[in-house]
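I have placed the structure first, in the form of structure tokens, so that the comments after it can refer back to it.
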Amino acid sequence: MFVAEDGRNLVFTFILVSSLFLLWGFCNGMIDVMDKHFQDELGLSKAQSAWVQFAHYLGYFLMSIPAGYLASKLGYKGGIICGLLIVALGGFSFLPATYVNSLAKAGQVSPNTAFVAFLTGVCMIATGLTFLETIANPYTTVLGDQRYAATRINLAQSCNGIGWIFGPIVGSMYFYSKDAAGNSTGSQTLYIPYLGIAIGVVILAIIFYFANIPDIKTEDDYHLDDSTPGVSHSIWTHPHFVLAVAAQFLYVAAQAGIFSFFINYLTSEVPPIPPSWDSGLSSVASNAGFLRDWLSGWFHINQHGFVAFTDKGASNMASLGFVCFLIGRFSGAGILKKFSAHKVLGLYGVMNVLATFIVFLKLGWVSVVCVFLSFFFMSIMFPTIFALGIFGLGLRAKKASAYIVMAIMGGAILPKLMGAVADHYDMSRGFIVPMVCFIFVAFYGYNWPRFSKAESLNGLQVKAGH
Numbered sequence: 344m345f346v347a348e349d350g351r352n353l354v355f356t357f358i359l360v361s362s363l364f365l366l367w368g369f370c371n372g373m374i375d376v377m378d379k380h381f382q383d384e385l386g387l388s389k390a391q392s393a394w395v396q397f398a399h400y401l402g403y404f405l406m407s408i409p410a411g412y413l414a415s416k417l418g419y420k421g422g423i424i425c426g427l428l429i430v431a432l433g434g435f436s437f438l439p440a441t442y443v444n445s446l447a448k449a450g451q452v453s454p455n456t457a458f459v460a461f462l463t464g465v466c467m468i469a470t471g472l473t474f475l476e477t478i479a480n481p482y483t484t485v486l487g488d489q490r491y492a493a494t495r496i497n498l499a500q501s502c503n504g505i506g507w508i509f510g511p512i513v514g515s516m517y518f519y520s521k522d523a524a525g526n527s528t529g530s531q532t533l534y535i536p537y538l539g540i541a542i543g544v545v546i547l548a549i550i551f552y553f554a555n556i557p558d559i560k561t562e563d564d565y566h567l568d569d570s571t572p573g574v575s576h577s578i579w580t581h582p583h584f585v586l587a588v589a590a591q592f593l594y595v596a597a598q599a600g601i602f603s604f605f606i607n608y609l610t611s612e613v614p615p616i617p618p619s620w621d622s623g624l625s626s627v628a629s630n631a632g633f634l635r636d637w638l639s640g641w642f643h644i645n646q647h648g649f650v651a652f653t654d655k656g657a658s659n660m661a662s663l664g665f666v667c668f669l670i671g672r673f674s675g676a677g678i679l680k681k682f683s684a685h686k687v688l689g690l691y692g693v694m695n696v697l698a699t700f701i702v703f704l705k706l707g708w709v710s711v712v713c714v715f716l717s718f719f720f721m722s723i724m725f726p727t728i729f730a731l732g733i734f735g736l737g738l739r740a741k742k743a744s745a746y747i748v749m750a751i752m753g754g755a756i757l758p759k760l761m762g763a764v765a766d767h768y769d770m771s772r773g774f775i776v777p778m779v780c781f782i783f784v785a786f787y788g789y790n791w792p793r794f795s796k797a798e799s800l801n802g803l804q805v806k807a808g809h
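In the working numbering, each number is its position in the sequence shown, counted from 1, plus 343.
This is how it looks when you write it as structure tokens:
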């Protein structure tokens with residue numbers, strides 16, 4: 344699975360590139376638990392707090408094409424190093440943003456100015472991550488036999504899942520921290536994990552500089568790179584690529600909405616904890632002081648007198664969702680070795696349509712379970728859509744990759760719609776937005792052979808003039 348056509352073993356290269364997926368999974372995991380912090384600190388509505396996602400995905404939208412261009416000019420190695428340095432710059436920018444926030448606390452600048460300062464850092468980090476995603480995703484598909492392209496990208500994206508598990512945990516520690524008096528200190532400590540990221544990626548950039556990262560060409564199944572008469576040389580004439588851009592736009596929109604409003608869902612839509620659980624927790628907590636303190640960080644008595652999740656507890660529970668996500672990635676990589684990638688994508692799309700519809704119906708704890716199931720069934724979607732979209736495009740895979748990464752902009756737009764629906768109705772009703780997105784993903788998966796003229800990722804049947 345990691346042996347090139349010339350016999351080179353590319354396992355170490357694959358492991359090194361996979362570390363990039365860990366990085367952006369961690370960054371995205373923290374972004375997804377940041378919304379509630381700004382809702383509380385600045386009194387924002389759900390739709391307004393979605394500006395965090397807008398700033399994050401705006402970086403992807405603005406830099407995808409430049410990143411694809413530079414990747415073609417600099418090669419895989421140069422593009423990766425460039426991306427890492429931009430991420431580091433974004434991480435360091437949280438230091439001045441924290442200072443601006445302190446000025447806002449003192450009344451010297453407006454809270455909106457502080458919010459924009461933090462959003463600028465978020466956008467800069469996303470700009471760097473754009474370089475990494477544009478390069479690393481297609482690169483994993485060529486680090487070995489083409490038959491295992493979807494398997495490799497899903498394995499690499501499993502590292503993304505690991506980062507996503509720890510991102511919310513670290514975010515809860517610094518975004519929702521409190522002092523001894525119970526006052527929030529999140530605005531003063533928010534910069535700390537980003538400073539750590541900045542230092543870490545500088546070290547990683549140095550490692551990549553000295554590492555051997557071969558520039559491998561992809562197979563040109565559609566003859567886009569030669570002068571074959573009657574063959575179109577534009578990637579936009581290939582429906583499997585065009586619809587992959589649309590599918591990725593809608594998938595990331597659904598993912599961003601579910602991830603970013605997860606805390607809102609757990610703190611407002613989870614049914615009251617059964618009295619038996621309540622008494623059991625109280626009994627255990629009363630006999631162990633340290634456990635009582637720990638539980639107080641997870642649960643509180645809400646305005647209705649019921650035990651409910653705190654923001655910090657819900658943020659930690661997001662890590663459980665990302666565990667489901669990671670399990671889906673690892674199991675999905677195995678499933679994709681045995682079954683066609685497009686069929687697995689179609690099936691997982693259908694399952695998520697059902698899961699989000701059940702959440703929409705507000706069926707109590709069944710709906711809560713379905714939120715976590717949606718994490719599992721989202722797991723293979725991004726990398727699989729990516730592999731299906733760039734299939735057979737040869738040297739133009741880098742350019743195609745840039746457009747698919749640009750489609751991540753869906754995560755900036757539709758979560759605001761989901762937040763608006765939630766503001767008008769409730770958080771459960773907001774899940775109608777990702778449900779519609781998953782319908783299209785399922786449609787793309789099941790119809791990919793018709794769009795690509797191929798039976799599978801290893802079964803091209805190109806007709807003349809395609």
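All residues carry an ideal CB built from backbone N, CA and C; glycine is no exception.
When the options are compared against residue i, the one with the closest alpha-carbon
i: T653; options: V595, F518, V748 and L697; result: F518
i: S362; options: R739, A548 and V585; result: A548
i: S407; options: E798, I751, I775 and Y768; result: I751
i: A657; options: F605, L690, G707 and L669; result: F605
i: F509; options: F584, I496 and C370; result: C370
i: F783; options: A587, F715 and R793; result: A587
i: Y789; options: T699, Q391 and L731; result: L731
i: K420; options: W708, F794, F781 and L359; result: L359
i: G689; options: V465, W791, F474 and I559; result: W791
i: L413; options: A398, T532 and G471; result: G471
i: K416; options: A554, T699, I478 and T727; result: I478
i: G368; options: G350, E476 and A447; result: E476
i: V354; options: F437, D378 and R495; result: R495
i: L810; options: V443, L800 and S710; result: Outside the displayed span of the chain (344 to 809) sits residue 810, for which this structure offers no information.
i: F397; options: R490, A347, G426 and V465; result: V465
i: D558; options: I578, L405 and P481; result: P481
Residue range of the unbroken alpha helix (DSSP H) whose run includes residue i
i: G810; result: Here the chain comprises residues numbered 344 to 809, so residue 810 is not present and cannot be evaluated.
i: A449; result: A449 -> no alpha helix (DSSP H), and no H or E assigned at all.
i: T699; result: A684 to L704
i: P777; result: I775 to S795
i: R672; result: D654 to K681
i: P582; result: P582 to S603
Whole-number beta carbon distance between residue j and residue i, since they are thought to touch under 8 Å
i: G754; j: A599; result: 3 Å
i: I505; j: L366; result: Rounded, the Cβ-Cβ distance is 11 Å, inconsistent with contact.
i: F718; j: G487; result: About 28 Å separates the two Cβ atoms, so there is no contact after all.
i: S515; j: K655; result: 5 Å
i: V545; j: A431; result: 5 Å
i: S744; j: G411; result: 6 Å
i: V696; j: F592; result: That pair is no contact at about 17 Å.
i: N403; j: T473; result: The displayed chain sequence assigns Tyr, not Asn, to residue 403. The pair is a contact, with the Cβ atoms about 5 Å apart (cut-off 8 Å).
i: I756; j: F729; result: About 20 Å; that fails the 8 Å criterion.
Residue i, buried or exposed, once every other Cβ within 10 Å from all chains shown has been counted against 16
i: L634; result: Because the pLDDT of L634 is 44, which lies under 50, any placement of that residue in the model is unreliable, and the number read from its coordinates should be weighed accordingly. Exposed: under 16 other Cβ atoms inside 10 Å.
i: Y594; result: buried
i: P439; result: exposed
i: G539; result: exposed
i: G433; result: buried
i: S662; result: buried
i: M733; result: According to the sequence as given, residue 733 is Ile; it is not Met. So I733 ends up on the buried side.
i: A597; result: buried
i: G450; result: exposed
i: G802; result: Annotation note: pLDDT 42 at G802 (below 50); position unreliable, no value reported.
i: A554; result: exposed
i: Y787; result: buried
i: Y442; result: exposed
Beta carbon proximity, residue i to chain B, threshold 8 Å
i: A449; result: In the displayed structure, chain B is absent; only one protein chain is listed.
(message) For the pair the region 732–744 and the region 501–511, tell me if three or more CB-CB distances fall below 8 Å.
(response) no
(message) Under 8 Å, with one C-beta from each stretch per pair, do the region 703–719 and the region 769–777 reach the 3-pair mark?
(response) yes
(message) Quick check: the region 717–728 against the region 665–674, are at least 3 beta-carbon pairs closer than 8 Å?
(response) yes
(message) Would you call the region 385–397 in contact with the region 457–472, where contact means no fewer than 3 C-beta pairs closer than 8 Å?
(response) yes
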